[in-house]
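Quick note on numbering: the sequence shown equals residues 30 to 302 in our numbering. Don't be surprised by glycine CBs; every beta carbon is placed ideally from N, CA and C. Nothing here was measured: the structure is a model prediction, and the numbers come from that model. Only one structure is covered here, and it is reproduced in the block below.
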Amino acid sequence: MSITLQETFDRFLLDLQNQDHGEPESIQKSEQTFQFFSEYLVYYSDLFQPDDMEEEVSSQAWEESLDSFITKLMQGEHQEDPALSLDELPLERVTGEYLRDFIAWHLLREPSTNSLMVQECTETLLSWLQFIHKHHWIETKPFEASNAILQDTLPDAKRAAIAAHLLLYHIRLGGGVSPRLRGTRFSSFKEGHARIAQIKTNELWLSFDSEPEKLIGPIMLPEAILQQLREGDVIDIELGLRDDVWNIVDIGPVYPAIVYVPAEEMALPDKLT
């Protein structure tokens, strides 16, 4: 039997501890990275998908399932399934696509995540890849592929983390709406996962999966925020229409287009429901 993923984590951490220059802070950051990565693999990837699960699940059903799971988790109703463990997961089953989705999707859902944390987690995984390749636990071709995927993912994931924090700060400051208009009621609301359709000078145009051909906008934003966004990015967002102008009411994570693209354009791994 090949080496398990958990064993490579344990040996990597032990190697860090045995190094003369190994610092407790560095070891702690690596442990945190592996903890988050393990959580993603166990609960959100297809690696622990039941055999009797339907082969195809709609994106809407998956999102509803995920929201329900997170709600129960926040309410303290979730109990970890002892059967779900990395102890028997072969290392070769974890490809670069899982690393990409972890960094540019799962990690960005964490409220505490910022661009520095994205950088640190990616650097830990890059060092871990070097470690397992050095010990010949991964062949050169998959190592190079996974390494390239992480290198390519990092800039977009950091950018998305920065964009999310700038948007949140923008909303907390009033969203660029004058005090006079803040007291005016909204006539309509729109919320969900919105894909950035167009970015113009100080303007953002969005589309929702429920009405992909209908553009919502313009949404006026500072240039500093627009510089961190790209067409194809997806935002968890709530919009309010007031005096024929759409304003951001609430904001969630920003996901780079590299992991959140239409299903017909990229075959993503099935997610747990």
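Touching by the beta-carbon criterion (3+ pairs, under 8 Å), the segment 246-263 and the segment 215-229:
The segment 246-263 and the segment 215-229 touch, with no fewer than 3 CB-CB distances between them shorter than 8 Å.
Would you mind sorting HIS165 into buried or exposed? The rule is 16 or more other CB atoms within 10 Å of its CB.
As a first step, residue 165 must be located in the sequence shown, where it is residue number 136. By the 10 Å Cβ count, HIS165 comes out exposed.
Please classify VAL274 as buried or exposed, where buried requires at least 16 other C-beta atoms within 10 Å of its C-beta.
Residue numbering aside, residue 274 sits at position 245 when the sequence shown is read from its first letter. Under this definition VAL274 is an exposed residue.
Nearest candidate by alpha-carbon position, reference TYR72, set HIS135, ASP238, ARG40, HIS199
The residue labelled residue 72 in the question sits at position 43 within the sequence shown. TYR72 has its Cα closest to that of HIS135, out of HIS135, ASP238, ARG40, HIS199.
Please identify the residue among ASN176, ILE200, ASP116 whose C-alpha is closest to the C-alpha of LEU70.
Looking up residue 70 in the sequence shown gives position 41. Residue ASP116 is the option with its Cα nearest to LEU70.
8 Å is my cut-off, CB to CB: does ALA253 come that close to chain B?
Absent from the structure is chain B; it holds one protein chain and no more.
For the segment 119-127 and the segment 176-192, state whether three or more C-beta atom pairs, one from each stretch, are separated by less than 8 Å.
At 8 Å Cβ cutoff, the stretches touch.
Using DSSP with H/G/I as helix, E/B as strand and the rest coil, what is PHE65?
Sequence index remark: in the sequence shown, residue 65 carries index 36 (1-based). Helix at PHE65.
Return helix, strand or coil for GLN276, following the three-state DSSP convention.
The residue labelled residue 276 in the question sits at position 247 within the sequence shown. The sequence given here has Asn at residue 276, not Gln. Residue state, collapsed to three classes: strand.
Measure from the alpha carbon of PRO282 to the alpha carbon of each residue in THR151, LEU258, ARG271, then state which is nearest.
Start at 1 with the first residue of the sequence shown, and residue 282 comes out as number 253. If we check each option's Cα against that of PRO282, LEU258 comes out closest.
Residues near VAL147 in its chain [Cβ-Cβ closer than 8 Å; skip 5 each side]
As a first step, residue 147 must be located in the sequence shown, where it is residue number 118. Correct list, in chain order: ILE132, LEU136, LEU137, LEU183, ALA186, LYS187, ALA190.
Assuming HIS162 is part of the alpha helix (DSSP H), what are its boundary residues?
As a first step, residue 162 must be located in the sequence shown, where it is residue number 133. First-last of the alpha helix (DSSP H) with HIS162: 144-163.
Would you kindly check if the distance between the Cβ of GLY246 and the Cβ of LEU235 is under 8 Å?
As a working mapping, residue 235 is identified with position 206 in the sequence shown. As a working mapping, residue 246 is identified with position 217 in the sequence shown. A contact, by the Cβ cut-off of 8 Å.
By how many angstroms is the C-alpha of ARG271 removed from the C-alpha of ASP181?
To locate residue 181, count along the sequence shown from 1; it is residue 152. To locate residue 271, count along the sequence shown from 1; it is residue 242. For ASP181 and ARG271, the distance between alpha carbons rounds to 40 Å.
Do ILE266 and GLU220 have their beta-carbon atoms positioned less than 8 Å apart in this structure?
Along the sequence shown, one-based indexing puts residue 220 at 191. Along the sequence shown, one-based indexing puts residue 266 at 237. Judged by beta-carbon spacing, ILE266 lies within the 8 Å limit of GLU220, meaning their Cβ atoms are closer than that value.
With DSSP collapsed to three states, give me the class of THR37.
Position 8 of the sequence shown, counting from 1, holds the residue named residue 37. THR37: helix per DSSP, three-state reduction.
Under 6 Å Cβ to Cβ from PHE38, same chain only, skipping five residues before and after it: list those, please.
Here the question's residue 38 lines up with position 9 in the sequence shown. Excluding sequence neighbours, PHE38 sits near PHE63.
Between the CA atoms of ILE32 and TYR284 - distance to the nearest angstrom:
Position 255 of the sequence shown, counted from the start, is the residue given in the question as residue 284. Position 3 of the sequence shown, counted from the start, is the residue given in the question as residue 32. The C-alpha of ILE32 is placed about 33 Å away from the C-alpha of TYR284.
Nearest CA to the CA of ILE248: which residue from PHE237, PRO241, GLU242, LYS229?
Taking the first residue of the sequence shown as position 1, residue 248 is located at position 219. Of PHE237, PRO241, GLU242, LYS229, the residue nearest in Cα terms is LYS229.
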